[in-house]
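Notes for the one structure printed next.
In the numbering used here, the protein residues as written are 1 to 315.
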């Protein structure tokens, strides 16, 4: 009876063994897939819960004013003056760190391109897009740009400054008077950075369908020079300082250091920052458990061996 029972059990096990083996292999594959998925989730550093903190944002406010008149295309500063101005603006923002910055372009008409912001990437995007071709009207109205910058630097306090990047060619908008008024009535300082050759100057290039020429007025080529006298006077009336970059480079880190030393930081706003707790360790633990279960299934005795054992006992 025992032999017949054993043989019957062996035959039954032989019939169901393939199904059990397939189910076990399927479970092992599922566990390995789950473990890999959990490890991938853990690498994404999931976070949850956390705590909220209130942080005060403070610093100085810097309104950068860039000349985009056609004279800024002069190539005495290689490759041209406007490219130098853009690079100086980028270097200044990099040196300022967490301070707020804004951007105004000017030629014949000034325009606010970027209001004061902590988002330096957005500021730099606007700087890179500056072009004389995008201006509404030709000319170089520095005085109007200074007045617009003062209106854009809202609020009170001494931590506000206008940084002008220009060749200083302005005969119409009374920039010296504008600088004196802004400094006296608004408490805003003005720093000027002169770009271009102040002695020989350079011609103003034009491009028409890829053909290069130079600006002509009354039958004569127009030469443009950087005006250090005007820019120095604007800076002095604005209670700031003048930096003569000329056709070379300007140390914008030194400029930023001077601004921080002279200007008092002011609190702009309070921001709530939520810090969430990392949860990757739980995903890693579940992945480890899945791998342990897979190893357990792989080390279990296969059903076919049980069939062979029962047949051997019967024999």
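Just so it is clear, CB atoms sit at the ideal spot from N, CA and C, and this is done for glycine as well. As the structure is a prediction and not an experimental result, all values here were calculated from the model.
Beyond the five residues adjoining it in sequence on each side, residue 90 comes within less than 7 angstroms, by CB distance, of 124, 127 in the same chain, given in chain order. When secondary structure is reduced to three states using DSSP, residue 209 falls in the coil class, being assigned neither helix nor strand. Contact between residue 111 and residue 146 is absent: CB atoms are separated by about 14 angstroms, not below the 8 angstroms threshold. DSSP places residue 35 in the helix class (H, G or I) of the three-state scheme. The closest CA to that of residue 237, considering only 45, 174, 139, is found on 174.
Take the alpha-carbon of residue 152 and the one of residue 282: they are about 50 angstroms apart. Residue 239 sits in coil when the DSSP states are folded into three classes, being neither helix nor strand. Under the 8 angstroms Cβ criterion, the region 251 to 259 does not count as touching the region 213 to 232, having fewer than three qualifying pairs. Non-local beta-carbon contacts of residue 31 in its own chain, meaning distances under 8 angstroms to residues more than five positions away in sequence, involve 290, 291, 293, 294, 297 in chain order. Just so you know, the alpha carbons of residue 119 and residue 190 end up roughly 22 angstroms apart. Contact between residue 77 and residue 196 holds: their C-beta atoms lie close to 6 angstroms from each other, under 8 angstroms. In the three-state DSSP reduction, residue 214 falls in the strand class (E or B).
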